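Mature numbering (1 follows the signal peptide of the UniProt record, and there is no 0) puts the sequence shown at residues -23 to -1, 1 to 186.
The structure under discussion appears below in the form of structure tokens.
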Amino acid sequence: MKKLTTVILLIIFNLSFFNPVQAATASPSAAQGLLERVATKVATLAEKLKKGVAGEITVIGTKTISLGNQRVLVSEATTYYRIKSGAKTTIDFKNLLKGDDVAVVGTADSATGDITARQIIAKVQRLPLTGKVTTIDKKTGVYTLAAGEDIKEVEIDSLTIIKKVDAKGVFIKVKLADIIVGDNLIVYGYYNKPNDPLTTIKADIISSN
């Protein structure tokens, strides 16, 4: 804002400097013309300073994120949203994760190339996990999946779309209670926070033991 104000003053100064007689004896119509020219130049400048960028978050700092080589600065005025199943929900900076696909709208600094974000919209990343169900905590809805030595925790609840392969090899919808210890699952979901269990959107029971 300070930079834009300075530029506005320079524009007014330049217009007045190159039209000294008009500035000294400005009629109402001439003054209006000057204001219109200033407004046009300011609008053009503001449009150039605006910038949008999209990509994957590669680095998360204290008050910055990076999309590859593009650094994005955030402030208290920045708003954050996440898109899930077509619905937009409000989130916080702390909910952004490395690997998130985001769209950023803000103002570019012509000197540094940094973007000060006005709005950041993150898309839910649907990550696939596979494994055998080894434990089920019905109180928390957390299921432990084991794939060799790799152990993962996932949250599965009544909102999760659950399907199972029938005798004909066709996926049919089943209930939450149909998932039991020993089932081999493929689940698709996202992380609300880095160390949280995967929030499952969809779970497929591919085989049972």
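Using N, Cα and C, we set each Cβ at its ideal position, and we do this for glycine too.
Since the model is a prediction, treat every value here as computed from it, not as a measurement.
Tell me, please, which residues DSSP counts as bridged to Leu122.
Here residue 122 is taken as the residue at index 145 of the sequence shown, counted from 1. Leu122 pairs with Val110, Lys129.
Does DSSP put Lys61 in a helix, a strand or coil?
Here residue 61 refers to the residue found at position 84 of the sequence shown. In the structure shown, Lys61 sits in a strand (DSSP, three-state: E or B).
Per the DSSP calculation, Val79 is bridged to which residue(s)?
Translated into positions along the sequence shown, residue 79 becomes position 102. DSSP, once it has assigned bridges, lists Gly32, Ala99 as partnering Val79.
Assuming Lys179 and Thr121 make a contact with CB atoms under 8 Å, what is their CB distance in whole Å?
Within the sequence shown, the letter at position 202 stands for residue 179. Within the sequence shown, the letter at position 144 stands for residue 121. About 18 Å; that fails the 8 Å criterion.
If we count Cβ pairs, one from each stretch, closer than 8 Å, do we get three or more for the stretch 142 to 155 versus the stretch 98 to 113?
no
Does the stretch 50 to 64 come close enough to the stretch 87 to 99 to have 3 or more Cβ pairs within less than 8 Å?
yes
The beta strand (DSSP E) spanning Thr176 covers which residue range?
Here residue 176 refers to the residue found at position 199 when the sequence shown is read from its first residue. Start and end: 175 to 184.
How far does the beta strand (DSSP E) with Tyr167 in it extend, from its first residue to its last?
Taking the first residue of the sequence shown as position 1, residue 167 is located at position 190. From DSSP, the beta strand (DSSP E) with Tyr167 extends over 161 to 167.
Assuming the contact rule is C-beta atoms closer than 8 Å, Asn169 and Thr176 should be a hit. Round their C-beta distance to whole Å, please.
Residue mapping note: residue 169 aligns to position 192 of the sequence shown, counting from 1. Residue mapping note: residue 176 aligns to position 199 of the sequence shown, counting from 1. Right, the Cβ-Cβ distance comes to about 6 Å (below 8 Å), so this counts as a contact.
By DSSP, does Leu104 sit in helix, in strand, or in coil?
Within the sequence shown, residue 104 is the residue found at index 127, counting from 1. It is a strand residue.
Could you give the first and the last residue of the continuous beta strand (DSSP E) run that contains Lys141?
Reading the sequence shown from its first residue, position 164 is the one you call residue 141. Lys141 -> beta strand (DSSP E) spans 138 to 142.
Select from Val147, Ile42, Thr93, Ile156 the residue whose C-alpha is nearest the C-alpha of Val131.
The residue labelled residue 131 in the question sits at position 154 within the sequence shown. Answer by Cα proximity: Ile156.
Assuming Ala80 and Val49 form a contact by the criterion Cβ under 8 Å, report the distance between their Cβ atoms to the nearest whole angstrom.
Taking the first residue of the sequence shown as position 1, residue 80 is located at position 103. Taking the first residue of the sequence shown as position 1, residue 49 is located at position 72. Contact doesn't hold; Cβ gap of about 11 Å is too wide.
What does the Cβ neighbour count give for Ile42, buried or exposed, with the cut at 16 atoms within 10 Å?
Locating residue 42 in the sequence shown gives position 65, counting from the first residue. So Ile42 ends up on the buried side.
What do you get for Ile139, buried or exposed, if any count of 16 or more other CB atoms within 10 angstroms of its CB means buried?
Residue 139 sits at position 162 when you count from the first residue of the sequence shown. Result: buried.
Count the other CB atoms, across all protein chains shown, that sit within 10 Å of the CB of Lys145; report buried if there are 16 or more and exposed otherwise.
Start at 1 with the first residue of the sequence shown, and residue 145 comes out as number 168. So Lys145 counts as exposed.
Using beta-carbon positions only, say whether Val51 and Lys40 come within less than 7 Å of one another.
By one-based count along the sequence shown, residue 51 stands at place 74. By one-based count along the sequence shown, residue 40 stands at place 63. Yes; because the gap between Cβ atoms is below 7 Å, this pair is in contact.
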